[in-house]
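Mapping of the sequence shown onto the UniProt record's numbering: residues 1 to 373, in sequence order.
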Amino acid sequence: MAAKDKDRIVPLERIEEFDTIIDARSPSEFLEDHLPGAINLPVLDDTERRIVGTIYKQRSAFEARRLGAAWVAKNLARHLQERLQQYPPSWRPLVYCWRGGQRSGAFVTWLRLIGWPAAQLAGGYKTYRRWVLERLVDLPGRFAWRVLAGPTGSGKTRVLQALAQRGHQVLDLEALARHRGSILGTWPGGESQPSQKAFDTALVAALRRFNPQKPVFVEAESKRIGLLQLPDALHEAIRLAPMIVLDTPRECRMQLLLEDYAWMGDEPGSLARRLERFKGFVPNETLRRWQELALRRDLATLFAELIARHYDPLYRRSLARHPELGRAPRVRLTGLDPGALEVACREIEAWSSVSERLLQPSAVSARPPHAAP
């Protein structure tokens, strides 16, 4: 890199030196994924970017650049008059686009002409994405994982939240994925899941906050959470980690399901349509009955039958395929109140401490995590 570009074009490892990270890409690119904490100030919106790209391919690069330059100037002027009015002369922004090319370069040129010590991220988002994928390979193996397992509705997420409140390191995969992992695992209100790229970015951000000297608690998950895939290295690390099973009474599981899925009762038609996903797992007659229960808003009967006729049989089949799950230590969760959660957490803490003393790499048996499909 030329000496004159040393402070204008900077590598990824220097991003902490800057006050603000600006994503100069289009809104749809930003929505798919972006650097943590970045703000979106596009130099071309989605329509403008598409038109410029079409002209570049079908007519000429010159015409595309001429039109694009006019739109870039217009958009930069708007950003300077609106979002960037608040910053003092000492403000240090870092700008990136897809590959660290013309969009971020134009932005940085104008910011530096004004007097701000702006810089451009070398390689842009493409370099950052490559860095994320590399971290997803090397980070998971650095931590001592502790896995909570159990049938659907056993309270694994509630216990993880209680452990986090007690100061433990917790990776809540379902919160990051915006999905509970099961067939009816859609997030409350039908909130859509993030893109795979955004999920990966969130995972790396979470993993980098953990202390490798302390255990990390996580829920047993399958390879897929809704539409998203767990990275191979993370899935393997969880698969090989010590596991404890929550033993939760049926009435407590029902209470949890009715609390977590109460919002579905406000959308009976939508719930009935979601139940179509059980087609092939249960007889058609059973499926029709469940849909009728959904339309009548009878969630208590519906969830009781889902547990009895689908989720518990599924879990029993998992026990038959993986006997080590049946041999895992168990913790009784007698309720969802703070006192019951505290008792369960103390037992888990004691188990984790014993696992820390006894665990040897050669002693860890290969086993898959268990979750409802």
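For each residue, glycine too, the CB sits at the ideal point set by N, CA and C.
For clarity, every value in this text was computed on a predicted model and none was experimentally measured.
In terms of Cβ geometry, L230 and T127 do not form a close pair [threshold 8 Å]. Assigned with DSSP and collapsed to three states, A149 falls in strand. The stretch 307-320 makes contact with the stretch 274-284: 3 or more CB pairs, one atom from each, lie closer than 8 Å. If you draw a straight line from the Cα of E356 to the Cα of A205, it comes to about 25 Å. Contact annotation, L299 with Y261: C-beta distance approximately 7 Å; criterion of less than 8 Å satisfied. When the Cα atoms are used, L341 and K214 turn out to be separated by approximately 21 Å.
Note on G68: 16 or more other CB atoms within 10 angstroms of its CB, so buried under the neighbour-count rule. DSSP places R332 in the strand class (E or B) of the three-state scheme. The stretch 263-274 makes no contact with the stretch 191-208, as fewer than three CB pairs between them are under 8 Å.
Every beta strand (DSSP E) stretch that sits fully inside the UniProt domain "Rhodanese" (20-137) and reaches 3 residues is listed by chain position as 20-23, 93-96, 119-121.
Sorting F143, F30, N75 by C-alpha distance to the C-alpha of E48 places N75 at the top.
Restricting attention to V216, G153, P140, the CA atom closest to the CA of L234 is found in P140. Between the stretch 178-187 and the stretch 325-339, the count of C-beta pairs closer than 8 Å stays below three; the two stretches do not touch. Just so you know, the alpha carbons of V52 and G167 end up roughly 51 Å apart.
V147 is classed as buried because its beta carbon has at least 16 other beta carbons within 10 Å across all chains shown. DSSP places E324 within a helical segment (H, G or I) once states are collapsed to three. Scanning E16, G100, F18, S318 for the CA closest to the CA of R25 turns up G100. When DSSP states are grouped into helix, strand and coil, A144 belongs to the strand group. In terms of Cβ geometry, R92 and D19 form a close pair [threshold 8 Å].
Q81 has its alpha-carbon roughly 38 Å from the corresponding atom of L207.
In this chain, F199 is not harboured by any beta strand (DSSP E); it is covered by the alpha helix (DSSP H) spanning 196-208.
Approximately 18 Å separates the beta-carbon atoms of Y87 and L121; this is outside 8 Å, ruling out the contact.
The residues F30, H34, A38, N40, in chain order, have a CB closer than 6 Å to that of D23 in the same chain once the five nearest residues on each side in sequence are set aside.
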